[in-house]
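Quick notes on the structure that follows.
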Amino acid sequence: MNCSIKNIFIGIGPGIGSCCFEVGKEVSDKFEKKSTIAAQFVHPVSEQKALVDLRGLITSDFMMAGIPLENIENMNYCTSCCSDLFYSYRKEGKNTGRMLLAARLIVI
Ligand SMILES: [Zn+2]
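So that you can map any letter, position 11 of the sequence shown is 107 in our numbering, and since no number is skipped, the others follow by simple counting.
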């Protein structure tokens, strides 16, 4: 895009939070094997279950790419906890609605 990475701004919208994104060992193992950084966002709750902080991992990935933290805006809404505001497949199952994101590139 021929711009400085310092001029890129990221918005992370609602999504399942680490409070509710519980996965089995087969999934948490994939995060832990991906990298030592990804492993930092896996929090075991038992021998067979773990909570994964996807929002933290995504933020970390952007920062590793050089995006300054102050350029990353995070809504911090968990769609499962806030199912009165958002749809949550995890909480409501396959018959819930779907969310749509519209984004626009702004050239300054
Ligand atoms: Zn939650």
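The beta carbon of each residue, even a glycine, is placed where N, CA and C say it ideally should be.
Just so you know, these numbers come straight off a predicted model, no measurement behind them.
Coarse secondary structure for residue i, derived from DSSP in three states
i	result
K190	coil
I112	coil
V138	strand
I101	helix
I202	coil
CA nearest to the CA of residue i, picked from the options
i	options	result
S179	A135, R194 and N170	R194
F127	E143, L150 and G113	L150
C120	S184, A161, C99 and H139	It is worth fixing the name first, because residue 120 is Gly in this sequence and not Cys. Looking at the Cα atoms, H139 is the closest of the given residues.
A146	G152, E118, K129 and D125	E118
I133	E122, M160 and E143	M160
Q144	L153, V123 and D157	V123
Extent of the continuous beta strand (DSSP E) to which residue i belongs
i	result
R146	In the sequence as displayed, the identity of residue 146 is Ala instead of Arg. K145 to V148 is the span of the beta strand (DSSP E), which, as asked, contains A146.
I168	I168 to N170
Distance CB(residue i)-CB(residue j) smaller than 9 angstroms
i	j	result
K102	G189	no
C116	C177	yes
I108	T155	yes
V148	S114	yes
I112	R186	yes
L181	P110	yes
Alpha helix (DSSP H) segment containing residue i, residue limits
i	result
V123	K121 to K130
Per DSSP, the bridge partner or partners of residue i
i	result
C174	G111
I60	The chain is shown from 97 up to 204; residue 60 falls before or after that span and cannot be answered.
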